[in-house]
Amino acid sequence: MPSEGATLILSFYAIGEIFINMTKNNAITELINDFSYFDGWEDRYAYLIELGDKLPDFPEKYMTEEYFVPGCVSKVWMVPSFDGDRFHFIASSNGDITKGMIYILYLAYNEQNRADIADINIEGIFDDLGLSKNITPQRRNGFYAMVQKIKSFAA
C-alpha cells in the first residue's frame with residue numbers, strides 16, 4: 008500500500024492529468040466555436056492562416072529529411088519529444104494553411120500522454136471544424152499524413 012505522501016502525489020498527478028485534458032478539450036471546443044462565427048470559407052481560411060502564426064518557432068536546423076513528413080502537398084517537418092510519458096512536438100510548413108492545420112494538431116496532441124494519443128478523435132474535430140468538406144483532398148490527405156506521423160511517434 009502506498010504511503011500517505013505517495014498517495015497525495017498520485018492524487019495531484021491524477022488531478023493534473025484531468026486539468027490538462029480539460030484544458031485541451033476547452034481549447035478545441037473554443038476553436039470549433041471560433042470557426043462557427045465565420046460566414047464563409049474565405050474567412051475561415053484567413054483564420055486558419057492566423058492560427059498557423061501562433062505556432063512556436065521552428066528552428067531551421069530541423070528542416071531536414073529526417074523530420075520531413077511525406078504525403079503533404081506543402082513541405083512539413085515535425086520533431087517529436089517526450090517528457091516522461093507526455094508527448095510534445097514542434098512542427099512547421101512552407102504553406103500557410105498547412106501551418107494552421109498543424110496548430111489544430113498541436114492543440115489536440117501536444118502535452119498528451121502517449122497512451123491517450125490513439126484515443127483522440129481527430130476525425131471528429133476535423134469534421135466539427137468543417138474542414139473535411141471544405142479543403143481539397145490533397146490537403147485532407149496531408150492532414151492525415153501528419154496525424155499518422157504523430158501516432159507513429161507515440162506508438
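The number in my numbering is simply the position in the sequence shown, starting from 1, with 7 added.
Beta carbons are placed, not taken as given, at the ideal position from N, Cα and C, and that holds for glycine.
Every value quoted in this text rests on a predicted model; they were computed, and no experiment measured them.
* Asked: So is residue 133 buried or exposed if we call it buried at 16+ other beta carbons inside 10 Å?
  -> On the sequence shown, residue 133 is found 126 positions in, with the first residue counted as 1. Buried: at least 16 other Cβ atoms inside 10 Å.
* Given a threshold of 16 other Cβ atoms within 10 Å of its Cβ, counted over all protein chains shown, does residue 29 qualify as buried or as exposed? -> Numbered from 1 along the sequence shown, position 22 holds the residue referred to as residue 29. The predicted position of residue 29 is uncertain, since its pLDDT is 44 and thus under 50; a value taken from the coordinates is nonetheless stated next. The residue in question, residue 29, is exposed, as its Cβ has fewer than 16 Cβ neighbours within 10 Å.
* To do: May I ask you to list the residues that DSSP assigns as paired with residue 85?
  => Position 78 of the sequence shown, counting from 1, holds the residue named residue 85. Per DSSP, 98.
* Asked: Looking at C-alpha atoms only, which residue of 57, 82, 54, 88 is the closest neighbour of residue 150?
  -> On the sequence shown, position 143 is the one that residue 150 refers to. Measuring from the Cα of residue 150, the nearest candidate turns out to be 82.
* Considering residue 150, what are the terminal residues of the alpha helix (DSSP H) in which it resides? -> Working through the sequence shown from its first residue, we reach residue 150 at position 143. Unbroken alpha helix (DSSP H) run through residue 150: 144–161.
* Asked: How would you call residue 122, buried or exposed, if buried means at least 16 neighbouring beta carbons within 10 angstroms?
  -> Residue 122 sits at position 115 when you count from the first residue of the sequence shown. Exposed.
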